[in-house]
Amino acid sequence: HGQTAKKTLKITLFGVIALHVLLLFDRDTPTLQVLVGLVAHLIYLALLPQFPFVHIRSPIAICSALAAVVNHFSWFLHLLLSDTYIYTYSEVGGIFVVCVWLCPLAFIVSLSSTEPLPITSGAAPTTSLAADDDDDDDE
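Going by our numbering, the sequence shown opens with residue 1218, and the numbers climb by one from there.
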C-alpha cells in the first residue's frame, strides 16, 4: 500500500503545483498567497523520497508543518481582510480544500494507513489463560 500511496501523493502534488502555476497567470488571484502555496507544496514534494518513513523531527518534516501553517494563515488572512472582492463560501471552501489542505492531509492520512499491521493466521493463541493462572498459585 505504501507504493500506491506514494504514487497517488506524487500525482496529487504535481497537480496542485500545476494549479498554483496556472493561478499565477490569473490577474485576479493574489500573487503572494499563490507563491506561498507553491513554496509549501514544493516543500511537501521534498518529503516524498523518504515516504512512508518520515521522521517527525527531521528538518524537512518540521519545514512542512510550518509551511502548512503559514500557507493556511496566508490564505485565511487574505480572504478575511480582502476588501477588493467578497468571496462566496464555495470559493473559500474550494481554495482551502484544494490549494491549502489537500496535500498535507493526504500525507497525514497515508502515513497513518501505511503502519504495519500484525499478521495473524486466525488460529487460537498458543498460550492459555489457565496456564498463566497456575503460575500465580506457586508464588
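Ideal placement from N, C-alpha and C gives every residue a C-beta, glycine not left out.
Query, Result
"Quick check: the Cα distance between residue 1219 and residue 1316, rounded to an integer number of angstroms?", "24 Å"
"Return the CA-CA distance between residue 1237 and residue 1263, expressed in angstroms with no decimal places.", "17 Å"
"Taking the straight line between their C-alpha atoms, what separation do you get for residue 1265 and residue 1233?", "15 Å"
"Among 1283, 1271, 1228, which has the Cα closest to the Cα of residue 1254?", "1283"
"Excluding five sequence neighbours on each side, which residues of the same chain lie with their C-beta closer than 7 Å to the C-beta of residue 1258?", "1230, 1233, 1234, 1237, 1320"
"Does residue 1242 come out as helix, strand or coil in the three-state DSSP assignment?", "coil"
"Taking residue 1240 as the reference, give the member of 1281, 1312, 1297 with the closest Cα.", "1312"
"So, with DSSP's three-state summary, where would you put residue 1289?", "helix"
"Comparing C-alpha positions only, which one of 1324, 1228, 1269, 1318 sits nearest to residue 1293?", "1318"
"Quick check on DSSP: helix, strand or coil for residue 1271?", "coil"
"Here's the rule I'm using: 16 or more other beta-carbon atoms within 10 Å means buried, otherwise exposed. How should residue 1228 be labelled?", "exposed"
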